[in-house]
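J.: Below is one structure. I have some questions about it.
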Amino acid sequence: MSANIAEMELRRAASMLGGGQKRIDAQHARGKLTARERVGILLDEGSFEEIDAYVEHNCVDFGMPENTIPGDGVVTGSGTINGRLVFVFSQDFTVIGGAVSERHAMKICKVMDMAMKVGAPVIGINDSGGARIQEGVASLGGYAEIFQRNVLASGVVPQLSLIMGPCAGGAVYSPAMTDFIFMVKDTSYMFVTGPEVVRTVTNEIVTQEELGGAVTHTTKTSVADLALENDIEALLMVREFFDFLPLSNRSEVPARPSSDPWDRAEASLDTVIPASATQPYDMHEVVRKVLDEGDFFEVQPAHAGNILCGFGRIEGRTVGVVANQPMVLAGCLDINSSKKAARFVRFCDAFSIPIITFVDVPGFLPGTSQEHNGIIKHGAKLLFAYAEATVPKITVITRKAYGGAYDVMASKHLRGDLNYAWPTAEIAVMGAKGAVEIIFRGLSAEEQAEKTREYEDRFANPFVAASKGFIDEVIYPHATRRRIALGLRKLRNKSLENPWKKHDNIPL
Ligand code: HXC
C-alpha cells in the first residue's frame with residue numbers, strides 16, 4: 343500500500359513541477375506566475391481540487407513521445423471564490439509553451455462540460471503558444487471543441503478569461519466568445535496575426551504590445567474589459583468581479599448583507615446638475631452615490647467613456663448599471679458606446695441581473711465617420727438589447743433625453759418597468775435651439791430667441807412626458823436610491839417572456 347501511495351506521490355510531484363524548475367524560473371523572470379500559482383491566488387485558499395493531472399498527450403510524431411509531461415500543459419479543476427463554486431483551467435507555459443494538444447483541449451472541455459452540468463462559471467487563464475504544432479489538425483480539432491462549448495455555455499454560465507501571456511492566431515476566439523476578458527499589461531497579447539506577418543503583408547512595423555497588448559484592447563478595440571498591472575492584481579480583480587455574478591442562468595443574483603441604509607437620502611444629488619445645460623458633470627458621482635457603499639465595478643472604463651457600464655449592488659443584490667456620461671462627447675451615443683452597452687445589457691438580461699439606466703443623452707453623435715461606419719446598425723444593437731431584455735429595468739433621466747436616444751435608453755416604450763425623471767430632466771425631440779432653427783427657419787434672430795425660450799418652457803422639463811405616462815414619477819434626486827431599492831423589491835418576481843423563437847436576429 344505504501345508503495346502505491348509513494349508511486350502516486352511521485353507522479354503527482356512530476357505533474358506539479360510542470361516543465362521543470364528552469365522554465366518556472368524563466369516564467370518568474372518575465373514577471374509571470376506559473377499556472378498553479380495563479381490558480382492558488384484566484385481561488386479560496388485550499389479550495390482547489392485538480393482533475394486530470396496525469397493526462398498525457400498522444401502525439402507520436404517529431405520526437406514527442408520523449409517530451410511527455412503529466413498534465414499536458416494545462417491545470418484544470420474546480421474550487422471556490424469567497425465560498426462560491428467555479429471551474430477553472432490555467433494554461434502552463436512551462437510545458438511546451440502551453441501549446442494546445444488534443445488532450446490539453448479535452449481537459450478544458452471536461453471542466454466546461456462539468457460547469458454547464460452543475461451551473462457554475464468557468465474562468466480560463468490563457469498563456470499559450472497556440473495550437474501544438476507537432477499535432478497538426480488534432481490540435482485544431484481540440485480548439486474547435488472548446489469553441490463549440492464556449493458558444494453553448496454563452497448565456498448559461500458566466501465565462502471569464504484572463505490573458506496572462508501569448509494568445510494568438512485562431513486561439514483568440516475562445517476568450518473572444520467569453521463574457522469578460524481581463525489582460526495583464528506588458529506580458530499578455532492577443533492578435534490574429536502577429537507583428538512579423540503584419541510586417542510582411544502590410545509593411546507596418548508594430549510591436550506585440552501596440553498590436554494586441556492590454557492597453558490596445560481596452561482602449562481601441564474593446565476586445566478586453568480591464569488592463570491590470572500584473573498577474574496578482576488581475577487575479578484579485580477577478581475575485582472581486584466574480585462576487586457580482588450569478589453562478590448560472592438558473593441561479594439568482596448573489597446577495598450579501600449591506601450596512602448601507604436602503605433609503606439613504608443623498609442630498610448632494612439635488613445640486614449635482616449644473617445650472618447650464620451645456621455644462622458637464624461626472625455621472626460616476628451619481629452612480630456611486632446611489633449604489634451600496636459607493637461600490638461600482640466598471641467594465642471597459644477606458645473605452646467609449648461616453649457610456650458607463652458596470653456592476654453594483656442595491657440592498658446587497660447585484661444590479662447592472664448603464665449610464666450616459668456627459669463628461670465625454672457630451673454623453674452622445676455613438677458606435678462604440680452603443681456596442682459596449684448593448685453587449686453589457688445582453689449579459690445582464692441573460693443572467694437575470696436587473697438593469698438600472700441613468701440617462702443624460704443629447705442624441706446620437708453626428709458626422710460622416712459615424713454614418714459611414716454604420717451607426718445605424720450599431721446604434722440598433724443597443725435599442726435591440728434593451729427592447730428584448732425581460733429583466734427588471736429601472737430608468738432615471740437626470741437631464742437630457744433627446745430624440746431617438748430617449749427611446750433607446752430603456753424608455754417606457756421599450757418595456758421600462760419604472761421610469762423616473764429628476765425635475766431637471768428635459769425630454770424632447772432635440773435641444774430647443776436646434777428645434778427652433780428647423781421649425782422657425784425664416785424668423786429673425788430675436789424672434790428665434792423668443793421661440794427658443796418658448797420651446798424650453800414647454801419641453802425642457804419632465805412633465806410633458808409625465809403627463810403622457812411615459813415617466814412614472816418625477817422624483818427628488820436625493821431620493822433616487824430609495825426609489826430604486828423600492829422598485830427592485832417590487833420587481834423581484836417580475837415575469838415577462840418574449841414570444842417563442844429559435845433565436846433573434848440582432849443587427850450584428
Ligand atoms: C509547439 C510550442 C508552441 C506551439 C511554443 N512552443 N509554441 N511548441 N507548438 N505552438 C514551445 C517552444 O518550442 C519552446 O519549446 C517552448 O514552447 C517555449 O517557447 P519559446 O519560443 O521558447 O518562448 P518565447 O520566446 O516566449 O515565445 C513564445 C511564442 C513562440 C511567441 C508563443 O513560442 C511562438 O511564436 N510560438 C509559435 C506560435 C504559433 O505560431 N502557434 C501556432 C499558431 S496557429 P522548448 O522546448 O524550446 O522550450 C494557432 C491556431 C489556433 O494557434 C487555431 C484555432 C482555430
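Numbering (this note's numbering), first residue to last: 343 to 850.
All C-beta atoms in this analysis are idealised placements derived from N, C-alpha and C, irrespective of residue type, glycine included.
Output yes or no for whether 8 Å exceeds the beta carbon distance between A462 and L427.
T.: To locate residue 462, count along the sequence shown from 1; it is residue 120. To locate residue 427, count along the sequence shown from 1; it is residue 85. Taking 8 Å as the Cβ cut-off, A462 and L427 qualify as a contacting pair.
J.: Just to check, is the beta-carbon of P508 closer than 7 Å to a non-hydrogen atom of ligand 1?
T.: The residue labelled residue 508 in the question sits at position 166 within the sequence shown. Yes, Cβ of P508 sits closer than 7 Å to a heavy atom of ligand 1.
J.: Under 7 Å from any heavy atom of ligand 1, does the C-beta of L482 make it?
T.: For the purposes of this step, residue 482 is identified with residue 140 of the sequence shown, where counting begins at 1. The answer is yes for L482.
J.: For R433, name the three-state secondary structure that DSSP assigns.
T.: Reading the sequence shown from its first residue, position 91 is the one you call residue 433. Reading the sequence as shown, one finds Gln at residue 433 and not Arg. Note: Q433 maps to strand in three-state DSSP.
J.: In angstroms with no decimal places, state the Cα-to-Cα distance between I813 and P643.
T.: Here residue 813 corresponds to residue number 471 of the sequence shown, with the count starting at 1. Here residue 643 corresponds to residue number 301 of the sequence shown, with the count starting at 1. Distance between the alpha carbons of I813 and P643: 30 Å.
J.: Could you give the distance in angstroms between the alpha-carbon of A747 and the alpha-carbon of V402?
T.: As a first step, residue 747 must be located in the sequence shown, where it is residue number 405. As a first step, residue 402 must be located in the sequence shown, where it is residue number 60. Taking the straight line joining both Cα atoms gives about 60 Å.
J.: Report the three-state DSSP secondary structure of G740 (helix, strand or coil).
T.: Stepping through the sequence shown from its first residue, residue 740 is reached at position 398. The amino acid at residue 740 is misidentified as Gly; the sequence shows Thr. Strand at T740.
J.: Quick one: residues in its chain with C-beta nearer than 8 Å to the C-beta of L570, no 5 flanking neighbours on either side, listed in chain order?
T.: Here residue 570 is taken as the residue at index 228 of the sequence shown, counted from 1. For L570, where only same-chain residues beyond five positions count, the Cβ hits under 8 Å are F524, M525, V526, K527, A556, A576, M579.
J.: Do F686 and V664 have their CB atoms nearer than 8 Å?
T.: The residue given as residue 686 occupies position 344 in the sequence shown. The residue given as residue 664 occupies position 322 in the sequence shown. Cβ atoms of F686 and V664: closer than 8 Å.
J.: Can you list every residue whose CB sits closer than 5 Å to some heavy atom of ligand 1, going in chain order?
T.: That gives I438, G439, A441, G471, G472, A473, R474, I475, Y485, P508, G511, G512, A513.
J.: Counting Cβ pairs closer than 8 Å, one from the segment 430 to 442 and one from the segment 406 to 413, do we hit at least three?
T.: Touching, per the Cβ criterion.
J.: Can you tell me which of M772, T794, E387, I488 puts its alpha carbon nearest to the alpha carbon of V514?
T.: The count along the sequence shown starts at 1 and reaches residue 514 at position 172. Taking only the C-alpha atoms, the option nearest V514 is I488.
J.: Tell me whether A355 is buried or exposed, calling it buried when 16 or more other Cβ atoms sit within 10 Å of its Cβ.
T.: As a working note, residue 355 is residue 13 in the sequence shown. By the neighbour-count rule (16 or more Cβ atoms within 10 Å), A355 is not buried but exposed.
J.: For V628 and H820, what's the separation of their Cα atoms in angstroms?
T.: Here residue 628 refers to the residue found at position 286 of the sequence shown. Here residue 820 refers to the residue found at position 478 of the sequence shown. Using only the alpha carbons, I get a separation of about 10 Å.
J.: For L671, I'd like the list of residues in its chain whose CB is within less than 7 Å of its CB, leaving aside the five on either flank, ordered along the chain.
T.: What you label residue 671 is simply residue 329 of the sequence shown in a count that begins at 1. These residues qualify, in order along the chain: N648, L707.
J.: Taking all protein chains shown into account, decide if K723 is buried (16 or more other Cβ within 10 angstroms of its Cβ) or exposed.
T.: Sequence index remark: in the sequence shown, residue 723 carries index 381 (1-based). K723 comes out buried.
J.: Does the structure place the segment 765 to 780 close enough to the segment 798 to 816 that three or more beta carbon pairs sit under 8 Å?
T.: At 8 Å Cβ cutoff, the stretches touch.
J.: Alpha carbon to alpha carbon, how far is K682 from K562?
T.: Residue 682 sits at position 340 when you count from the first residue of the sequence shown. Residue 562 sits at position 220 when you count from the first residue of the sequence shown. Taking the straight line from one Cα to the other gives about 12 Å.
J.: When we look at the beta-carbon of T542 and count the other beta-carbons within 10 Å, is it buried (16 or more) or exposed?
T.: Here residue 542 refers to the residue found at position 200 when the sequence shown is read from its first residue. Exposed: under 16 other Cβ atoms inside 10 Å.
J.: I'd like to know whether the C-beta atoms of I817 and W764 end up nearer to each other than 8 Å.
T.: By one-based count along the sequence shown, residue 817 stands at place 475. By one-based count along the sequence shown, residue 764 stands at place 422. Yes.
J.: Using a Cβ-Cβ cutoff of less than 7 Å, which residues in the same chain neighbour T660 once the five nearest sequence positions on both sides are dropped?
T.: Within the sequence shown, residue 660 is the residue found at index 318, counting from 1. The answer, listed in chain order, is F586, V595, P596, F653, I695.
J.: Can you check whether the CB of M506 is closer than 8 Å to the CB of R380?
T.: Sequence index remark: in the sequence shown, residue 380 carries index 38 (1-based). Sequence index remark: in the sequence shown, residue 506 carries index 164 (1-based). Yes. Within cutoff.
J.: Closer than 6 Å by C-beta to V632: which residues in its own chain qualify, once you throw out the five before and the five after it? Chain order, please.
T.: Taking the sequence shown and counting its residues from 1, the one referred to as residue 632 is at position 290. The residues are T822, R823.
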